[in-house]
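Below is one structure, written out as structure tokens, with a few remarks after it.
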Amino acid sequence: MDAINQSPEKLTYKEYATWAEGKRCEVLDGVIISMDPSVSPKHQEVLMQLSIEFGSYLRGKCCKVFAGDVDVYLFEDKKGWDSEKVKNWVIPDMVIVCDPDKIKKHGIVGAPDFALEILSPSSAKIDHMVKRWAYSKAGVKEYWIVDPANQLVEVYLLKEGVLELENVYTKEDSVHVHVLENLYIDLANIFPEP
Numbered sequence: 001m002d003a004i005n006q007s008p009e010k011l012t013y014k015e016y017a018t019w020a021e022g023k024r025c026e027v028l029d030g031v032i033i034s035m036d037p038s039v040s041p042k043h044q045e046v047l048m049q050l051s052i053e054f055g056s057y058l059r060g061k062c063c064k065v066f067a068g069d070v071d072v073y074l075f076e077d078k079k080g081w082d083s084e085k086v087k088n089w090v091i092p093d094m095v096i097v098c099d100p101d102k103i104k105k106h107g108i109v110g111a112p113d114f115a116l117e118i119l120s121p122s123s124a125k126i127d128h129m130v131k132r133w134a135y136s137k138a139g140v141k142e143y144w145i146v147d148p149a150n151q152l153v154e155v156y157l158l159k160e161g162v163l164e165l166e167n168v169y170t171k172e173d174s175v176h177v178h179v180l181e182n183l184y185i186d187l188a189n190i191f192p193e194p
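Each residue of the sequence shown is one higher than the one before, counting from 1 in UniProt numbering.
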């Protein structure tokens with residue numbers, strides 16, 4: 001890792017793949033923005049509940065949900081992918097992809113329709129600022145930031161190229177998933193009891 005940090009070149013996916021086996025690493029413009037080795041049990045519990053809700057709704061539909069360790073190459077063309085040139089990838093906690101051509105064996109190529117991040121103390125600034133900017137620039141239509149500690153969900157919608165805050169929801173609310181016409185998520189089912 002020290003050799004990577006000292007290099008004046010920006011990190012490519014090919015370089016990352018040679019040293020990062022088994023490590024979670026997100027990179028924007030060739031710069032590592034986060035490396036989280038693992039997540040908390042509460043994070044996993046919330047992600048599992050969200051996966052059940054989204055997965056049940058999407059079963060048999062053209063849109064697909066991916067939760068966990070799936071690389072998303074936000075700014076790549078779905079028709080061409082070159083690991084020597086890729087300098088932007090993230091690993092959202094969850095994405096929804098409605099274009100099957102974006103789903104490749106090595107990950108999601110191009111912007112997903114929906115992205116979701118579950119906050120941890122170490123990721124709050126990155127999720128609110130860096131990733132929201134990247135998701136806006138890539139054209140992600142809807143972005144959720146889920147805060148298990150405070151039992152809140154922030155919903156951002158893409159308007160004129162910027163993900164703008166639509167609302168902040170609490171555990172008592174039901175949240176409409178805008179990219180999926182008839183799906184509402186009851187947050188009481190998502191957040192575990194303390």
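C-beta: ideal position from N, C-alpha, C; glycine also.
Note that the structure is a prediction, hence the values are computed from the model and not measured.
- By the criterion of a C-beta distance shorter than 6 angstroms, residue 184 is surrounded in its chain by 174, 176, once the five residues flanking it on both sides are discounted.
- Here residue 31 is exposed: its Cβ has fewer than 16 other Cβ atoms, across all protein chains shown, within 10 Å.
- Across the structure, residue 126 and residue 62 are spaced so that their CA atoms are roughly 31 angstroms apart.
- Note on residue 162: under 16 other CB atoms within 10 angstroms of its CB, so exposed under the neighbour-count rule.
- Closest option to residue 86, judged by alpha-carbon separation, among 42, 147, 26, 97: 26.
- When 38, 58, 42 are compared, the shortest CA-CA separation from residue 147 is found for 42.
- Annotation: the continuous beta strand (DSSP E) that includes residue 144 extends over 142–147.
- When secondary structure is reduced to three states using DSSP, residue 106 falls in the coil class, being assigned neither helix nor strand.
- Per the coordinates, the alpha-carbon of residue 34 lies some 19 angstroms from the alpha-carbon of residue 138.
- In the structure shown, the three-state DSSP call for residue 117 is strand.
- Annotation for residue 69: 24, 91 place their beta carbon closer than 8 angstroms to its own, counting only its chain and skipping 5 residues before and after.
- Per the coordinates, the alpha-carbon of residue 192 lies some 13 angstroms from the alpha-carbon of residue 172.
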